[in-house]
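6 protein chains.
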Amino acid sequence: MSDLTLDPRAASFDLQHVVSELAAVRQRWREAQQRSTEPGGRELPSREALSDIVKGLRGALFPMRLGPSDLRQESEDFYVGHTLDSVLHGLLHQVRLELSYAARHDASQSEAKVDAHALHIVRELAHALPHIRELLDSDVTAAFEGDPAARSVDEVLLCYPGIEAMIHHRLAHRLYALGVPLLARLVAELAHAQTGIDIHPGATIGAGFFIDHGTGVVIGETAVIGQRVRVYQAVTLGAKSFPTDADGHPVKGLPRHPHVHDDVVIYAGATVLGRVTIGKGASIGGNVWVTHDVAPGAQVTQARSQRDESVAML
Amino acid sequence: MSDLTLDPRAASFDLQHVVSELAAVRQRWREAQQRSTEPGGRELPSREALSDIVKGLRGALFPMRLGPSDLRQESEDFYVGHTLDSVLHGLLHQVRLELSYAARHDASQSEAKVDAHALHIVRELAHALPHIRELLDSDVTAAFEGDPAARSVDEVLLCYPGIEAMIHHRLAHRLYALGVPLLARLVAELAHAQTGIDIHPGATIGAGFFIDHGTGVVIGETAVIGQRVRVYQAVTLGAKSFPTDADGHPVKGLPRHPHVHDDVVIYAGATVLGRVTIGKGASIGGNVWVTHDVAPGAQVTQARSQRDESVAML
Amino acid sequence: MSDLTLDPRAASFDLQHVVSELAAVRQRWREAQQRSTEPGGRELPSREALSDIVKGLRGALFPMRLGPSDLRQESEDFYVGHTLDSVLHGLLHQVRLELSYAARHDASQSEAKVDAHALHIVRELAHALPHIRELLDSDVTAAFEGDPAARSVDEVLLCYPGIEAMIHHRLAHRLYALGVPLLARLVAELAHAQTGIDIHPGATIGAGFFIDHGTGVVIGETAVIGQRVRVYQAVTLGAKSFPTDADGHPVKGLPRHPHVHDDVVIYAGATVLGRVTIGKGASIGGNVWVTHDVAPGAQVTQARSQRDESVAML
Amino acid sequence: MSDLTLDPRAASFDLQHVVSELAAVRQRWREAQQRSTEPGGRELPSREALSDIVKGLRGALFPMRLGPSDLRQESEDFYVGHTLDSVLHGLLHQVRLELSYAARHDASQSEAKVDAHALHIVRELAHALPHIRELLDSDVTAAFEGDPAARSVDEVLLCYPGIEAMIHHRLAHRLYALGVPLLARLVAELAHAQTGIDIHPGATIGAGFFIDHGTGVVIGETAVIGQRVRVYQAVTLGAKSFPTDADGHPVKGLPRHPHVHDDVVIYAGATVLGRVTIGKGASIGGNVWVTHDVAPGAQVTQARSQRDESVAML
Amino acid sequence: MSDLTLDPRAASFDLQHVVSELAAVRQRWREAQQRSTEPGGRELPSREALSDIVKGLRGALFPMRLGPSDLRQESEDFYVGHTLDSVLHGLLHQVRLELSYAARHDASQSEAKVDAHALHIVRELAHALPHIRELLDSDVTAAFEGDPAARSVDEVLLCYPGIEAMIHHRLAHRLYALGVPLLARLVAELAHAQTGIDIHPGATIGAGFFIDHGTGVVIGETAVIGQRVRVYQAVTLGAKSFPTDADGHPVKGLPRHPHVHDDVVIYAGATVLGRVTIGKGASIGGNVWVTHDVAPGAQVTQARSQRDESVAML
Amino acid sequence: MSDLTLDPRAASFDLQHVVSELAAVRQRWREAQQRSTEPGGRELPSREALSDIVKGLRGALFPMRLGPSDLRQESEDFYVGHTLDSVLHGLLHQVRLELSYAARHDASQSEAKVDAHALHIVRELAHALPHIRELLDSDVTAAFEGDPAARSVDEVLLCYPGIEAMIHHRLAHRLYALGVPLLARLVAELAHAQTGIDIHPGATIGAGFFIDHGTGVVIGETAVIGQRVRVYQAVTLGAKSFPTDADGHPVKGLPRHPHVHDDVVIYAGATVLGRVTIGKGASIGGNVWVTHDVAPGAQVTQARSQRDESVAML
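Chains as they are written, first to last, in my numbering: chain A, 855 to 1168; chain B, 855 to 1168; chain C, 855 to 1168; chain D, 855 to 1168; chain E, 855 to 1168; chain F, 855 to 1168.
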């Protein structure tokens, strides 16, 4: 069969050359990063592993709603126990990876110390789960009461991206507090990718938090949010600028995001920047830009004149 | 081998305690929700099941473009028939689940009634599919003609998130109209998660609708949109406020979102709130905030002065 | 067992009718599109296939970070070579599909020509990979240096949606330049769906580009961006309007999106429209709307007065 | 691109014709079987479903050896409970299918009766599991003690096809006794396919049964086997012939396979046919053909002469 | 963390050396086989692909029993048509691979010829399917009537390994007859692995063939079997020896396996060797060794004396 | 909806009781086995893991035939290296599990020793792969030359169960020799389940070994087989009896299976028992039973008289 056209498998890509060039670029990068060439390598935490872990924790937190569809109430505890056992071990491995990575330059950290530390963190998370469930119940209730379109708390739990984001956040925040910020960030980014809601795991958020629609919401690391707060899509609670020290480096650890008190509502597209205080019960109108404190109970809206101008142009 | 370090599998998480605490929280929640403790439980509609159903319907609607890659035109009808058979049965199960859930407190709903009702709904949806395909063809044409970058209608169908959102919406809207709002919402949220476009299944949208880019678009439940309308990313067609009755409860069923007439264009970031009317052929500029009616053919843009001010600050 | 209730499998959907109606709609569409009825059909490039290809290329570009978790440095080249071999063949098939589709009305394109052209494109892409890796290294470094919260370059690579978007864009841009715009668009939309960042594959972006948060960012086809530029969420680099020729058709090929020079920062929600120039080192404030050139080093913010008005309304 | 060779997708198989012919054959078969043409059809038990159910039961019976590899002893009960819950529900569905099928011509069987019957069967099986585990422990011990090559009971459980066959048989036998012979047969055939050991689920087998190697073993429906019996590969415990009634039909329900008493050993390739009795402690040599009773303690071997003849032919 | 034990990922296997040695062995083999070193390679038919194809054909032949569990009779033709379309295209690819492989040294075979030949073969197979279904119906009936334990034809179809083997054989035999012996062999080996029944695809087998138990059955290439024949486990229909030509090479194409006429029964373990004739209605006893013709209606059993001797040894 | 029939999910299985009973049986077993109740448990090697490892090694040994179907010869080494890297690490984990299990009562075995030992074993296996490939090439050649029906060496490699068994055996034998008999046994049982060929990993088999058909072949642990030996289905190379020591325990380590010299052929169903010697070039006829030495070149067949008797009974 001599006249067959070229077999596609015969196509040559000069792979050896490309592979060598890629190795050379990696080598340059590693030298620039002053990384020793380790023969083995070092495993990092895995986004896919975290995704499975969060799915398991969701099911363990809400077994009859987010667990397996054929679960019966009689067997809830079996399911919860078995799922936690499996998921917490997976998490233990991920925590170890982050702690080992963080300790890579620290000779005082023995493997045994890392193991004990990792076990401590996972146990703490496990014991925090009942409280996390309570907080999420309050979020579900807030959504149900805050949205006239919601027909039942079950619908809220099944459908609302804001709830999905808060399940992730409340787990991520605990991981952040327990000292594994990389895992926390990975969990937060899972929610970000799925919902378009970007909450830094460091943000402190009280009970009964409701995010409606949600796409484009950004909440920064040092934000503090009270109870029963409601925000809409595209709301930003951000930082204005970073104070720098004498050398021009950003000073770490300073609160630089807003402090939002209880019962505040922030409408779609509003931007609140810097460590400002939004007083209890205040309301921030859509698309408003706020860089100063807002008094309790105040209602901030955009200047009327601009509205009129817009409409005047008809 | 006595000196082995602790087997990771020996790590104890005190699971029995955590499981009990979680059961206690669930119990409190159920009591607060006045839910009887049912031994069995009750299955709810499933997001994953809906996702598979929508994928099947997409393929049945556009077999040569969104069906299996090796499909031949000669066999289209076999594929369409087999896929519909499988997918509609899956949907029948989901519809039953929603109807049973909705009827959980209604003694007049026998299982047979629920079954008959579910079958009716799925049949109606099946018969609506040809019309839905026609509408989607008009959306594809609108995108192709509205975007100078589009090279072919096939590219539009394969790549454009706005089309993906409309495939979901036109199915979700029909489910909503047929009386299964929870399924409708789940379908809408599938599109929301994938595209960042959040269209309530209740929204009524005419033929030839084109959403460009799309991230951050929000369209509310009672919005009515005419034919050949075009919107860009981050456009909101929302509600201003909810009229309340004497007891302070929101009055349901009132139109509270915009009515957008034929041939309107709304540019990126514009916000239109309340039951205002945007007249035929009007154009709403980027980032404009509209809370009043707009006359047919009018062009609304932001106040010039603000623009100038901005630029004046260079 | 005569008294069993109706077997759900006995439910009839009148499928034959629905299938026929759908066939009729497809027929009308094909006639409207003046498509001959081909007995076979024509395979189009596949989003799923592209997704697998991009995953493989990510792993080949960053084997120890985005490759398999158990990879050892000693075996990197085996992994990179094997992965490229597999992935580039998959890409070769997809490139062929796009080229064949594009050539469907062009009698001068023999199959052999298409094959040779496809092979050329894939080889070019393969040889561009080392340079793409260098550019991505500069993006990672920019993110690490630009975000005080970043703890390591590894964290940036694992977590930041802006990096994910740039991995896709730098591949998509090369595919676009090599003449397969549909594949390029599919790659771009994969990133768009995952990150909410919508960069047209035609956009030219220099080294060290950093997108923070990212949801809602839109960058148009003819945008040109220099080195070390930083943008935040919801920034739009768009077109103002399309110049039309004598017949009212948009004139193609004209630059219609901004040219952003080196070291510019554009804050969240800012909109820059048209072929304006943003000079080296300029800074565009949040939510600002820019339709004119901005001088090098200038700082554009919104009119102070509006801010004050907003706050004055407390 | 007019000169492209024929697209493989354009190949026509004249499918409509084949489909019609196949429908005609099915129709003829159904008429020959006097089956009414039901619009719906009737679901039968599924081999794949049974396979998953048996896998689950294996894990629940031996959680630390055949359950998930990361299971910890502390969590065994959670795992066992959750697995049983899931698997027994799957089994309930399969039992229902068999009972409904069996009742298809029996007007006295209401759906409620079938449901209650199915639930009874699954409950009985569930309560039999501890006893089944005890029997299997005795089989494992017998294999460990009977095979000098066995290094540990764990190795026996992991590797020995005879144990795999007995796990299936002890479950299948119970299903058979509970009145679901089709499910029982499916379970037996799963073992047959995997191990080449073909034990009819009706066979009654005492504790401590050991099958070595196993390929080709066949044990018939009415065989009765005592305790501590050992058989090797290719042993048949079969029927000689079927007694027929006046009309020439086989008489059902008569014992027609061997009764093997305690402590018997049957070597490879031996064939024992009919309702013969093999007395306690007897030994049947390799390839021997037995159709008469064997006394307790007897040792049956092939005629010496044949052996010698064979060797004499050298 | 300097005292960590060796990272398992750091284990070195001296891979480069092993890879080189393996390449050297391959090279020696290829030289010994006088294979040119082709840059591309040549794809062979795939066992996995054939497995999927056979699964699809099983479903298309018996849609309500071996097709998807939720299939309804109303939609059978859609399922059958869609499945055949998909499966026959897969087969077309495999047929092409075998024909191309067979033609690798034949300059007269153009690619177009191979394509046309492959299409012809697949079409022929497609048109043979109704007849294959009829033959399989006769096999199912034979098993149902031949086994007193069989409760229904459905049980036979679901459970009996002999039926599974015949589904594979009747397809394999047709492929063999159509000139793709490698594909035929792969199909036969799929059944062999699953059932322990080894039927050469060349064997000619009439309607109503029933294999009981089946493990260890071997039927050779030139065997011819009439109608309504029944065989039990471990029956061999083999060749005695290969006639050789003047050079000592086996003479191909001569019938060398038994010809078994209608209504013969061959009991377990019997061996029939060479081109002997077993006359209509004959019966061959268990473990009997036959190398001569057997007259119609004869009953062959083992010499009585040996039996007696065996038992006499008690 | 009060009159709904019982939700199947409400079916109660009294699970808590079953779970407790199963726990009690496990406890009794552990006490009988004198196993301490460990809180963690101990992971054993996994059949599934071994199955994946063997699949990978098959591909690495025969990349163009048993590797991925799209592999090109140019990239063989990349594929082989990457596959070995992944598979050998998986094997390292399994070897560690077996060694740890074996050392569970041995205080002299530190974890570090176990790790070093495991690494040594895997390295040795890796370096043995080229030799294993050479042996397998000789087996393929033997099958091709020994079976007149074989059309090419590629067909032999793809289809013949005897080759599949030998790929497993040659790997298993090496693992056995390296001191991990449990892994070796698991690999052997994978082949046994798939092919019905049961070769103990301890058996020593020379080059050019060919097993035809194969179902029912059993080859014992201390069997020694020379070069170019051929066996057919259902051949047993077994032990006669176990010599026992003064206490009646089997004496371990004595050769108890046949020694088969070069160029021997053993036909179907033959049984050779004990440490007998089958001389070079001998031939053992079908179904013959051999318990004495056979001289070189001898041809052993069954006594003629029995044959004649059988036929005489017609």
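Every residue gets a Cβ at the ideal spot worked out from N, C-alpha and C, and that includes glycine.
Quick one: which chain E residues come within Cβ less than 7 Å of His981/F?
Mapped onto the sixth sequence, residue 981/F falls at position 127. Result: Val872.
Can you pull the chain A neighbours of Ser866/F, defined as C-beta to C-beta under 9 Å?
Walking along the sixth sequence from the start, residue 866/F turns up at place 12. What Ser866/F touches in chain A: Arg926 and Glu928.
Tell me, please, which residues DSSP counts as bridged to Leu1127/E.
Position 273 of the fifth sequence holds residue 1127/E. Beta-bridge pairing links Leu1127/E to Gly1092/E.
Indicate whether Ile1051/E and Gly1016/E have their beta-carbon atoms separated by less than 8 Å.
The sequence position of residue 1051/E within the fifth sequence is 197, counting from 1. The sequence position of residue 1016/E within the fifth sequence is 162, counting from 1. Closer than 8 Å, so yes.
Cutting at 6 Å between CB atoms, please list the residues of its own chain near Gln1081/D, excluding the five before and the five after it.
Translated into the one-based positions of the fourth sequence, residue 1081/D becomes position 227. Gly1060, Ala1061, Gly1062 and Asp1116.
Taking Cβ-Cβ distances shorter than 8 Å, what residues in chain E pair up with Leu953/C?
Counting from one through the third sequence, the residue named residue 953/C turns up at place 99. The premise fails here: Leu953/C is roughly 20 Å from chain E at the closest Cβ pair, so nothing lies under 8 Å.
So is Gly1056/E buried or exposed if we call it buried at 16+ other beta carbons inside 10 Å?
Here residue 1056/E refers to the residue found at position 202 when the fifth sequence is read from its first residue. It is buried - the Cβ of Gly1056/E has at least 16 other Cβ atoms within 10 Å.
Say whether chain B places a C-beta atom closer than 8 Å to the C-beta of Ser840/C.
Here chain C comprises residues numbered 855 to 1168, so residue 840/C is not present and cannot be evaluated.
In the DSSP output, which residue or residues are listed as bridge partners for Thr1058/E?
Counting from 1 along the fifth sequence, the entry for residue 1058/E is found at position 204. According to DSSP, Thr1058/E bridges with Val1078/E.
If we define contact as Cβ-Cβ less than 8 Å, is Ala1122/A a contact residue for chain C?
Sequence index remark: in the first sequence, residue 1122/A carries index 268 (1-based). Not one chain C Cβ lies under 8 Å of Ala1122/A.
Is His871/F helix, strand or coil when you go by DSSP?
Start at 1 with the first residue of the sixth sequence, and residue 871/F comes out as number 17. Three-state result, His871/F: helix.
Which bits of chain H does Glu1009/E rub up against, with CB to CB less than 8 Å?
The structure shown contains no chain H; its protein chains are A, B, C, D, E and F.
Give the residues from the stretch 985-1005 of chain A that approach chain B closer than 8 Å (Cβ to any Cβ), ordered along the chain.
Against chain B - using a Cβ distance shorter than 8 Å - the residues of the stretch 985-1005 of chain A are Arg987, Glu988, Asp991, Pro1002, Ala1003 and Arg1005.
How many whole angstroms separate the CB atoms of Val1144/C and Val1118/C, which I take to be in contact at a CB cut-off of 8 Å?
In the third sequence, the residue the question calls residue 1144/C occupies position 290. In the third sequence, the residue the question calls residue 1118/C occupies position 264. At roughly 11 Å, the Cβ-Cβ gap does not stay under 8 Å, so Val1144/C and Val1118/C are not in contact.
At the level of alpha carbons, what is the spacing between Gln963/C and Ser992/B?
Within the third sequence, numbered from 1, the residue matching residue 963/C stands at position 109. Within the second sequence, numbered from 1, the residue matching residue 992/B stands at position 138. So the two alpha carbons sit approximately 32 Å from each other.
Under the assumption that Thr1049/F contacts Ala1047/E (Cβ atoms under 8 Å), give the Cβ distance between them as a whole number of angstroms.
Locating residue 1049/F in the sixth sequence gives position 195, counting from the first residue. Locating residue 1047/E in the fifth sequence gives position 193, counting from the first residue. Right, the Cβ-Cβ distance comes to about 7 Å (below 8 Å), so this counts as a contact.
Can you pull the chain E residues whose beta carbon is under 8 Å from the beta carbon of Leu869/C, in chain order?
As a working mapping, residue 869/C is identified with position 15 in the third sequence. Per Cβ cutoff of 8 Å: Glu928, Ser929 and Phe932.
Closer than 7 Å, Cβ to any Cβ of chain A: which residues of the stretch 1018-1036 of chain C, in chain order?
Listed by position along the chain: nothing, the set is empty.
Are the CB atoms of Glu897/F and Ser929/D within a distance shorter than 8 Å?
Residue 929/D sits at position 75 when you count from the first residue of the fourth sequence. Residue 897/F sits at position 43 when you count from the first residue of the sixth sequence. Contact flag unset, no.
Taking its Cβ as the centre, do 16 or more other Cβ atoms sit within 10 Å of Leu951/A, making it buried, or is it exposed?
For this step, residue 951/A is matched to residue 97 along the first sequence. Buried, since its Cβ has 16 or more Cβ neighbours within 10 Å.
For Arg977/C, decide whether its Cβ has a neighbour in chain A, counting only Cβ atoms nearer than 8 Å.
Start at 1 with the first residue of the third sequence, and residue 977/C comes out as number 123. It does; some Cβ of chain A falls within 8 Å.
What's the gap between the Cα of Leu1091/C and the Cα of Gly1070/C?
Here residue 1091/C is taken as the residue at index 237 of the third sequence, counted from 1. Here residue 1070/C is taken as the residue at index 216 of the third sequence, counted from 1. So the alpha carbons of these two residues sit roughly 11 Å apart.
What in chain A is Cβ-close to Gly935/D, meaning under 7 Å?
Residue 935/D sits at position 81 when you count from the first residue of the fourth sequence. Ordered by position in chain A, the residues that pass the 7 Å Cβ test against Gly935/D are Ser929 and Phe932.
Using the beta-carbon of each residue, which ones in chain C are nearer than 7 Å to Thr1049/B?
Within the second sequence, the letter at position 195 stands for residue 1049/B. Residues of chain C passing the Cβ test: Ala1047.
Val994/C lies in the alpha helix (DSSP H); which residues open and close that run?
Taking the third sequence and counting its residues from 1, the one referred to as residue 994/C is at position 140. Per DSSP, Val994/C belongs to the alpha helix (DSSP H) from Glu965 to Gly1000.
Please classify Ser866/D: does DSSP put it in a helix, a strand, or coil?
Residue numbering aside, residue 866/D sits at position 12 when the fourth sequence is read from its first letter. Correct three-state label for Ser866/D: coil.
By how many angstroms is the C-alpha of Gly913/C removed from the C-alpha of Leu925/C?
In the third sequence, counting from the first residue as 1, residue 925/C sits at position 71. In the third sequence, counting from the first residue as 1, residue 913/C sits at position 59. Spanning the two alpha carbons is a distance of roughly 11 Å.
How is Arg926/E classed by DSSP in three states: helix, strand or coil?
Position 72 of the fifth sequence, counting from 1, holds the residue named residue 926/E. Coil.
Have a look at Arg880/B and Leu973/D and give me their C-alpha separation to the nearest angstrom.
On the second sequence, position 26 is the one that residue 880/B refers to. On the fourth sequence, position 119 is the one that residue 973/D refers to. About 28 Å.
Can you list, in chain order, the residues of the stretch 1069-1088 of chain C whose Cβ is nearer than 8 Å to any Cβ on chain B?
The stretch 1069-1088 of chain C vs chain B, Cβ under 8 Å: Thr1069, Gly1070, Val1072, Glu1075 and Ala1088.
Along chain E, which residues have their Cβ under 9 Å away from the Cβ of Asp939/B?
What you label residue 939/B is simply residue 85 of the second sequence in a count that begins at 1. Here the neighbours are Asp924, Leu925, Arg926, Glu928, Ser929, Phe932 and Tyr933.
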